[in-house]
Structure formats: C-alpha cells, structure tokens
Amino acid sequence: MKEMEALAFTDKNTTPDEEQVAKALGDNRFLLEEFLSEAGIEQKVWKFYGATSGWTMQCKRSNKSLCYIQIADKCFYVTIVLSRQAKIKALEEIADENLQQAILQAKDYQEGTSVRLLVKEKKDISAIMELLAIKTQPIT
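Written out as structure tokens, the structure reads:
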C-alpha cells in the first residue's frame, strides 16, 4: 500500500480559505487552479469528514458532484466516484497502467468505486481528466 501524504486541514474548527490552501500547496497551487479550470468546476463546498479525512472540497458542475479534493503538503488528492458502468468503461478504455491499477485497487461502495489520485505535478492532471471524461459521459 502506498504511503499517504499528510493532509493539511484536519482541524474541525477551521474551514480552509484560499490563502490557507495556497500556503499549503506552495509553488504547486497553480496545479489546483489549473485542475479546477480544466474540469469546469462551478461550485466548491468545504465539508469536514472527521479527524482522519479532515476538510474535503466537494467540486460540482451543473449541481452534480464531479470529485472531492483533499489538500496535503505541496500536493492534493482528487477522489472520483465511478458508477459500476463507468468503472467498466474506464478499465476498457484507459491505457495508463498506473491509472488502471488505481481503479482496480479502489474501494467499492454502494454509491460506486472511489478512485483516489495524488496530484504532485502537471502530468497527474491528465489522468484525472481522462477519468472525469468517462464519469461524465452518458453510458449506454
């Protein structure tokens, strides 16, 4: 199992603001801005999910949840919940072996498969965008 980066916002009494997020991400804050823009995120809502999960940014487009973001030190995690059909389609269409492994190792819940990906550099965003494209396209 991969070692997890320590999350930056675990204090229930302090909702993160843009300044705190920028400070935690440091020089990598542009990665978050780029991701939010590229994904077309229209609404961001901070929610506290407990001491281990801390504050999580729920990201929506057209009032639909696309993903969840957790800020760590100089990086962030993006979690995408895939329906059963979207998971199957992703495994069929995605060529990247690391992304395939992340999907296969992700936990299955009643609402779908929760794929969690770490963003430390620009190239990490393209894998997430590929997964979001599958999540948001109609599945027939």
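Numbered per my numbering, the sequence shown spans residues 4 to 143. All residues carry an ideal CB built from backbone N, CA and C; glycine is no exception.
* Asked: Who are the Cβ neighbours of residue 109 in its own chain at under 6 Å, not counting the five residues just before and after it?
  -> Answer for residue 109: 116, 117, 118, listed in chain order.
* Asked: By DSSP, does residue 108 sit in helix, in strand, or in coil?
  -> DSSP places residue 108 in the helix class (H, G or I) of the three-state scheme.
* Nearest residue (CA-CA) to residue 121, options 26, 12, 76, 94 -> Comparing alpha carbon positions, the residue from 26, 12, 76, 94 closest to residue 121 is 76.
* Between which two residues does the alpha helix (DSSP H) harbouring residue 40 extend? -> 32 to 41
* DSSP state of residue 115 mapped onto helix, strand, coil -> Strand.
* To do: Report the partner residues of residue 126 according to the DSSP bridge assignment.
  => In DSSP, residue 126 forms no bridge with anything.
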